[in-house]
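Asker: As you go down the protein sequences, you meet chains A and B in turn. Each residue of the first sequence is one higher than the one before, starting from 161 at the first, in the numbering used here. Each residue of the second sequence is one higher than the one before, starting from 3 at the first, in the numbering used here. The beta carbon of each residue, even a glycine, is placed where N, CA and C say it ideally should be.
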Amino acid sequence: MSLLTVENIRAGYGDVDILNGVQMRVDRGEIVVIIGPNGAGKSTVMKTIFGLVKVREGRIVFEDKEITNLRPDQVVRAGLCYVPQEKNVFPTLTVEENLEMGAFIRNDDFSKELQKVYELFPAMYEKRRQPAGALSGGQRQMVAMGRALMLDPRLILLDEPTAGLAPAIVDLMFDNIQKINGLGVSILMVEQNAKQALAMSHRGYVLATGRNRFEDTGRNLLANREVAEMFLGG
Amino acid sequence: MAEFLQLTVYGIVLGSIISLGAIGLSLVYGILRFPHFAHGDLITLGAYLAFVLVTTMGAPVLVALPVGVAGTALAAVAIDQVLYRRLRRVAPVILLISSVGVALILRSAIQLIWGPSNQVYATGIQFPYRFAGVNIKPDHLIIVGGTILLVVALHLFLQKTKVGKAMRAMSDNADLAQVTGIRVNSIIIWTWIIGGGLAAAAGIFLGMDTRLHPVMGWRILLPVFAAAILGGIGRPYGAIIGGLAIGLAQEYSTTVISPSYKPAVAFALMVLMLIVRPTGLFAGRKV
Chain A
161 MSLLTVENIR AGYGDVDILN GVQMRVDRGE IVVIIGPNGA GKSTVMKTIF
211 GLVKVREGRI VFEDKEITNL RPDQVVRAGL CYVPQEKNVF PTLTVEENLE
261 MGAFIRNDDF SKELQKVYEL FPAMYEKRRQ PAGALSGGQR QMVAMGRALM
311 LDPRLILLDE PTAGLAPAIV DLMFDNIQKI NGLGVSILMV EQNAKQALAM
361 SHRGYVLATG RNRFEDTGRN LLANREVAEM FLGG
Chain B
3 MAEFLQLTVY GIVLGSIISL GAIGLSLVYG ILRFPHFAHG DLITLGAYLA
53 FVLVTTMGAP VLVALPVGVA GTALAAVAID QVLYRRLRRV APVILLISSV
103 GVALILRSAI QLIWGPSNQV YATGIQFPYR FAGVNIKPDH LIIVGGTILL
153 VVALHLFLQK TKVGKAMRAM SDNADLAQVT GIRVNSIIIW TWIIGGGLAA
203 AAGIFLGMDT RLHPVMGWRI LLPVFAAAIL GGIGRPYGAI IGGLAIGLAQ
253 EYSTTVISPS YKPAVAFALM VLMLIVRPTG LFAGRKV
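Rendered as structure tokens:
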């Protein structure tokens with residue numbers, strides 16, 4: 161039984177369809193990566209799941225509940241969190257306020273989750289009173305992930321979590337993603353660092369022009385010569 | 003020296019009134035991304051709603067104030083939910099133009115109900131206190147004290163409450179606020195409650211300091227805009243400083259030029275700011 165199923169969706173902006181029949185699933189505990197060339201519709205898949213792009217055909221099911229075309233705050237309530245690419249913190253809010261915003265829909269005590277995030281990212285605890293805008297790119301990414309964790313979600317969508325980061329920080333970020341996965345949170349991410357991402361993912365999808373091109377385990381996709389030629393730089 | 007101090011007193015009183023208007027304008031701009039041209043007429047509406055209580059029940063202005071504030075906040079929310087809400091997805095310039103329409107509707111309605119002539123909350127002369135040759139009227143103390151109280155309350159709201167923090171978050175990045183699960187529409191409603199309420203307080207204070215007239219708010223809109231831009235539009239704290247700066251500049255200017263040019267002083271400062279530092283003193287958004 162899959163956690164998330166994306167069934168044959170067609171979606172896009174205005175009159176233009178970006179996705180032309182994408183199929184996808186994420187099982188419990190999995191890390192799943194989406195790779196593909198620019199314009200393939202990778203980020204659009206995430207935005208569509210999250211209700212930011214209108215689905216014209218097909219459906220999206222999360223834990224037996226249809227979430228097709230729900231409002232973003234309703235998707236969040238279903239147990240799904242989304243970390244957009246870049247500009248994913250509130251710069252004038254402190255680190256702690258950013259995390260509190262992650263728990264906005266909760267009216268109960270979330271100090272346990274807050275503590276869990278600080279244990280995962282001890283550096284964030286030290287900087288909790290600083291405005292998030294003053295942090296480095298890698299630290300901002302941690303705040304953004306921490307914010308997503310505040311709801312104790314079953315699935316997190318990460319849109320290019322390593323975009324614009326220095327190589328040393330990229331490794332750290334992939335470690336962090338595995339740590340989050342170790343907490344029992346499934347992960348669906350879009351990544352440009354395809355090799356590294358495939359190596360750590362259970363499964364992967366290769367998208368091209370809004371369609372599924374390949375679908376396999378991370379290891380098999382890495383070994384696939386056609387995928388290698390197309391996206392992994394030989 | 004006494005004249006300078008006297009102008010400083012007037013400047014702080016006027017600056018307090020302008021600040022209250024500019025805070026709301028700045029909040030609305032930060033969250034909804036359009037300059038709200040009907041803000042001046044919300045100021046007028048607040049003044050007249052309080053006037054109803056003062057004339058019909060003989061209530062003191064300070065008792066009428068909360069009613070004027072609540073009524074104006076309600077009107078602002080209603081205007082938003084009936085009109086602006088339908089225009090959320092269109093270009094900001096459409097919202098701007100529709101707010102000019104709202105301004106005209108409000109002003110005409112006020113004129114229709116309460117007439118085109120001047121009105122006052124209280125007749126007769128208030129005897130001022132005198133300190134070292136400087137006159138301070140009791141109303142001045144109420145205006146400045148009331149403004150300080152409201153600003154402190156706003157500060158606590160923005161820094162300590164969940165809704166206040168969400169307002170700052172939405173002003174930072176509305177798209178991110180949406181995907182974080184923040185209920186965008188309820189935050190917008192809160193923005194109008196606070197923006198409309200503070201505008202009403204500005205109007206009531208303006209009515210206490212001078213008199214009521216259907217275009218009182220429209221006339222003060224220019225200095226209010228100047229204050230918001232000076233402080234960095236979208237930054238409510240900047241709007242407070244901007245308001246005081248504009249108020250003081252307008253009063254000091256009367257020593258060199260005719261008082262009828264006061265609005266021109268605000269306008270000149272606004273243009274100067276836009277040329278020299280378009281983001282405002284406190285680095286708000288580019289206008």
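For chain A, is any of its Cβ atoms less than 9 angstroms away from the one on Ser173 (chain B)?
Answerer: Here residue 173 (chain B) refers to the residue found at position 171 of the second sequence. Answer yes: the Cβ-Cβ gap between Ser173 (chain B) and chain A drops below 9 angstroms somewhere.
Asker: Spatial neighbours of Gly135 (chain B) within its chain, please: CB distance less than 6 angstroms, with the 5 preceding and 5 following residues excluded, ordered by chain position.
Answerer: Taking the second sequence and counting its residues from 1, one reaches residue 135 (chain B) at position 133. Cβ within range, chain order: Ala4.
Asker: Kindly say whether Ala230 (chain B), judged by its beta-carbon, lies nearer than 9 angstroms to any beta-carbon of chain A.
Answerer: Residue mapping note: residue 230 (chain B) aligns to position 228 of the second sequence, counting from 1. No - not a single Cβ of chain A is within 9 angstroms of the one on Ala230 (chain B).
Asker: Taking Cβ-Cβ distances shorter than 8 angstroms, what residues in chain A pair up with Val181 (chain B)?
Answerer: Working through the second sequence from its first residue, we reach residue 181 (chain B) at position 179. Within 8 angstroms Cβ-Cβ: Phe210, Leu212, Pro232, Val236, Tyr242, Pro244.
Asker: When the Cα of Gly191 (chain A) is compared with those of A:Gly218, A:Leu348, A:Leu230, A:Pro197, which residue comes out closest?
Answerer: Taking the first sequence and counting its residues from 1, one reaches residue 191 (chain A) at position 31. According to the sequence provided, residue 191 (chain A) is Ile. The question's Gly does not apply to it. Here the closest residue by C-alpha is A:Leu348.
Asker: Using 8 angstroms as the Cβ pair cut-off and three pairs as the minimum, do the stretch 236 to 253 of chain B and the stretch 3 to 18 of chain B touch?
Answerer: Yes, the stretch 236 to 253 of chain B is in contact with the stretch 3 to 18 of chain B.
Asker: Cβ of Trp194 (chain B) within 9 angstroms of Cβ of Val69 (chain B)?
Answerer: Taking the first residue of the second sequence as position 1, residue 194 (chain B) is located at position 192. Taking the first residue of the second sequence as position 1, residue 69 (chain B) is located at position 67. No, Cβ-Cβ distance for Trp194 (chain B) and Val69 (chain B) is not below 9 angstroms.
Asker: Looking at chain B, is there any beta carbon in it that lies within less than 9 angstroms of the beta carbon of Gly239 (chain A)?
Answerer: What you label residue 239 (chain A) is simply residue 79 of the first sequence in a count that begins at 1. False, the Cβ-Cβ gap to chain B never drops below 9 angstroms.
Asker: Using a Cβ cut-off of 8 angstroms, pull out every chain A residue sitting near Lys167 (chain B), in sequence order please.
Answerer: The residue you call residue 167 (chain B) lines up with position 165 of the second sequence. Near Lys167 (chain B) (Cβ distances below 8 angstroms), the residues of chain A are Leu253, Glu257, Glu260, Met261.
Asker: Going by DSSP, what residue range makes up the beta strand (DSSP E) through Tyr395 (chain A)?
Answerer: Absent from the structure is residue 395 (chain A), since the part of chain A shown begins at 161 and ends at 394.
Asker: Does Asn248 (chain A) have its Cβ less than 9 angstroms from a Cβ in chain B?
Answerer: Sequence index remark: in the first sequence, residue 248 (chain A) carries index 88 (1-based). Chain B contact via Cβ: present.
Asker: Within 9 angstroms (strictly less), CB to CB, does Phe270 (chain A) reach chain B?
Answerer: Position 110 of the first sequence, counted from the start, is the residue given in the question as residue 270 (chain A). It does not; no Cβ of chain B falls within 9 angstroms.
Asker: List the residues of chain A that Leu178 (chain B) touches, going by C-beta distances under 7 angstroms, in chain order.
Answerer: One-based indexing of the second sequence puts residue 178 (chain B) at position 176. Pro244, Lys247, Asn248, Phe250, listed in chain order.
Asker: Just to make sure I have the definition right: I need the residues of chain A whose C-beta is within less than 9 angstroms of the C-beta of Arg170 (chain B). Which are they?
Answerer: Taking the first residue of the second sequence as position 1, residue 170 (chain B) is located at position 168. In chain order: Phe250, Thr252, Leu253, Glu257.
Asker: What's the call for Asp269 (chain A), buried or exposed, on a 16-neighbour Cβ count within 10 Å?
Answerer: Reading the first sequence from its first residue, position 109 is the one you call residue 269 (chain A). So Asp269 (chain A) counts as exposed.
Asker: Looking at C-alpha atoms only, which residue of A:Ile178, A:Lys202, A:Glu257, A:Val330 is the closest neighbour of Met169 (chain B)?
Answerer: The residue labelled residue 169 (chain B) in the question sits at position 167 within the second sequence. Ranking A:Ile178, A:Lys202, A:Glu257, A:Val330 by Cα distance to Met169 (chain B) puts A:Glu257 first.
Asker: Between the alpha carbons of Pro2 (chain B) and Gly26 (chain B), how many angstroms are there, rounded?
Answerer: A query on residue 2 (chain B) cannot be resolved here, the shown segment of chain B reaching from 3 to 289 and no further.
Asker: Measuring from the CB of Val235 (chain A), is there a heavy atom of the ligand FMN at a distance below 8 angstroms?
Answerer: Among the components modelled here there is no ligand, and therefore nothing to report on the ligand FMN.
Asker: I believe Met184 (chain A) touches Val166 (chain A) by the beta-carbon criterion, under 8 angstroms. Please report the beta-carbon distance rounded to the nearest angstrom.
Answerer: Here residue 184 (chain A) is taken as the residue at index 24 of the first sequence, counted from 1. Here residue 166 (chain A) is taken as the residue at index 6 of the first sequence, counted from 1. Met184 (chain A) to Val166 (chain A), Cβ: 4 angstroms. Contact.
Asker: Using a Cβ cut-off of 7 angstroms, pull out every chain B residue sitting near Ile265 (chain A), in sequence order please.
Answerer: Translated into positions along the first sequence, residue 265 (chain A) becomes position 105. What Ile265 (chain A) touches in chain B: Gly183.
Asker: Check whether the Cβ of Arg307 (chain A) lies closer than 9 angstroms to any Cβ atom in chain B.
Answerer: Residue numbering aside, residue 307 (chain A) sits at position 147 when the first sequence is read from its first letter. Yes - at least one Cβ of chain B is within 9 angstroms of the one on Arg307 (chain A).
Asker: Buried or exposed: Ile99 (chain B), going by 16 or more other Cβ atoms within 10 Å of its Cβ?
Answerer: Locating residue 99 (chain B) in the second sequence gives position 97, where the first residue counts as 1. Classification of Ile99 (chain B): exposed, given that the 10 Å Cβ count is below 16.
Asker: For Asp312 (chain A), which residues in the same chain have their Cβ closer than 7 angstroms to its Cβ, ignoring the five residues on either side in sequence?
Answerer: Looking up residue 312 (chain A) in the first sequence gives position 152. Glu273.
Asker: Measuring only the C-alpha atoms, how far is Lys288 (chain B) from Gly378 (chain A)?
Answerer: Counted from its first residue, the second sequence places residue 288 (chain B) at position 286. Counted from its first residue, the first sequence places residue 378 (chain A) at position 218. Because Lys288 (chain B) carries a pLDDT of 44, less than 50, the predicted location of this residue cannot be relied on, and the following value inherits that uncertainty. If you take the alpha carbons of Lys288 (chain B) and Gly378 (chain A), they lie about 45 angstroms apart.
Asker: When the cut-off is 9 angstroms and only beta carbons count, does Val95 (chain B) lie next to chain A?
Answerer: Taking the second sequence and counting its residues from 1, the one referred to as residue 95 (chain B) is at position 93. By this cut-off, Val95 (chain B) is not an interface position.
Asker: For chain A, check one thing: does any of its Cβ atoms lie closer than 9 angstroms to the Cβ of Val15 (chain B)?
Answerer: On the second sequence, residue 15 (chain B) is found 13 positions in, with the first residue counted as 1. No, no contact with chain A.
Asker: Residue range of the beta strand (DSSP E) that Val215 (chain A) falls in?
Answerer: Position 55 of the first sequence, counted from the start, is the residue given in the question as residue 215 (chain A). 215 to 222 is the extent of the beta strand (DSSP E) around Val215 (chain A).
Asker: Just mark Phe6 (chain B) as buried or exposed, buried being the case when its beta carbon has 16 or more other beta carbons within 10 Å.
Answerer: Against the second sequence, residue 6 (chain B) aligns to sequence position 4. Phe6 (chain B) comes out exposed.
Asker: Give the straight-line distance between the Cα atoms of Gly293 (chain A) and Phe250 (chain A), rounded to the nearest whole angstrom.
Answerer: Taking the first sequence and counting its residues from 1, the one referred to as residue 293 (chain A) is at position 133. Taking the first sequence and counting its residues from 1, the one referred to as residue 250 (chain A) is at position 90. Gly293 (chain A) and Phe250 (chain A): Cα-Cα distance of roughly 7 angstroms.
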